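Using the numbering used here, read the sequence shown as starting at 2 and increasing by one per residue. Backbone N, C-alpha and C fix where the C-beta goes; we use that ideal spot for every residue, glycine too. Bear in mind the structure is a predicted one, so any value in this text is a computation, not a measurement. Everything below concerns the one structure shown next.
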Amino acid sequence: MISEKMVKEINDQIQRELFSEYLYLQMAAYFKGENLDGFAHWIEVQAREEHTHAMKFFNHLYERGAKVVLQPIQQPKNDFKSPLDTFKYAYEHELTVTKNINNLMELAKKENDYASESFLKWYVDEQVEEEDSFLKIVSLLEKIKDSSNALFMLNNELGKRE
Ligand code: FEO
């Protein structure tokens, strides 16, 4: 039996995953406005991934006989100054998401909720990948500095994300 507290925390996490989708869509809009279509594509793919993260939690609650209660989604930041500023912000956001997932895992362990623990393991692994992919782009953008050639090369690379 899943606890009321865990149901509430997972409902909150659905909101946070949907907020991530919203935030990354706003970033895609910024990149489109800058004519950096490769960056826009990469972050749009990420936005879609966030939607699937939310839906996995959504389905998990129903599989456990619990109820989904959707929360309001706040407006994301929309005044990005540069690709580096944008990806640094996204990386910091992912660090926060990792903390949220770790808190959920701690709760599952404390409550001996083995089903949630097993389910959450996928998110623990996913966060390692997500932090890594955002950090790599931050690091490349730091190296690029003001080279527009290098920026356009990275833009082309990011546009290839499946
Ligand atoms: Fe759903 Fe980017 O973590």
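Q) Considering only residues of the same chain and omitting the five flanking positions on each side of Phe166, which have a CB-CB separation below 7 angstroms? A) Not covered by the structure: residue 166. The range shown for the chain is 2 to 163.
Q: At 4 residues or longer, and completely inside the stretch 82-149: list those alpha helix (DSSP H) runs for me, N to C.
A: Runs of the alpha helix (DSSP H) inside the stretch 82-149: 84-111 and 115-145.
Q) What first and last residue would you give for the alpha helix (DSSP H) that runs through Gly34? A) Against the sequence shown, residue 34 aligns to sequence position 33. Glu5 to Gly34 is the span of the alpha helix (DSSP H), which, as asked, contains Gly34.
Q: Note the first and the last residue of the continuous alpha helix (DSSP H) segment covering Ile74.
A: Here residue 74 is taken as the residue at index 73 of the sequence shown, counted from 1. Ile74 -> no alpha helix (DSSP H), and no H or E assigned at all.
Q: Indicate, with yes or no, if the ligand FEO has a heavy atom lying under 7 angstroms from the CB of Ser21.
A: Locating residue 21 in the sequence shown gives position 20, where the first residue counts as 1. Checking every heavy atom of the ligand FEO against the Cβ of Ser21, one is found closer than 7 angstroms.
**Q.** For Leu37, the first and last residue of its enclosing alpha helix (DSSP H)
**A.** Position 36 of the sequence shown, counting from 1, holds the residue named residue 37. That residue, Leu37, is in no alpha helix (DSSP H); it is neither H nor E in DSSP.
Q.
Looking at Pro77: is its Cβ nearer than 8 angstroms to the Cβ of Leu24?
A. For this step, residue 77 is matched to residue 76 along the sequence shown. For this step, residue 24 is matched to residue 23 along the sequence shown. Their beta carbons are under 8 angstroms apart, which means Pro77 touches Leu24 by this criterion.
Q) Of all the options Thr99, Asp114, Arg65 and Tyr92, which has the alpha carbon lying nearest to the alpha carbon of Tyr124? A) Translated into positions along the sequence shown, residue 124 becomes position 123. Distance check between Tyr124 and each of Thr99, Asp114, Arg65 and Tyr92 places Thr99 closest, using alpha-carbon atoms only.
Q. Where Leu152 and Ala41 are concerned, what is the direct C-alpha to C-alpha distance, given to the nearest angstrom?
A. Position 151 of the sequence shown holds residue 152. Position 40 of the sequence shown holds residue 41. Straight-line spacing of the CA atoms in Leu152 and Ala41 works out to 13 angstroms.
Q: Report all residues from its chain with a CB closer than 8 angstroms to the CB of Leu96; omit the five preceding and five following residues, and keep chain order.
A: Mapped onto the sequence shown, residue 96 falls at position 95. Glu132.
Q: Take Gln75 as the anchor and find which of Thr87, Lys82, Gln47 and Gln27 has the nearest alpha-carbon.
A: Counting from one through the sequence shown, the residue named residue 75 turns up at place 74. Each of Thr87, Lys82, Gln47 and Gln27 was checked against the Cα of Gln75, and the nearest Cα belongs to Gln27.
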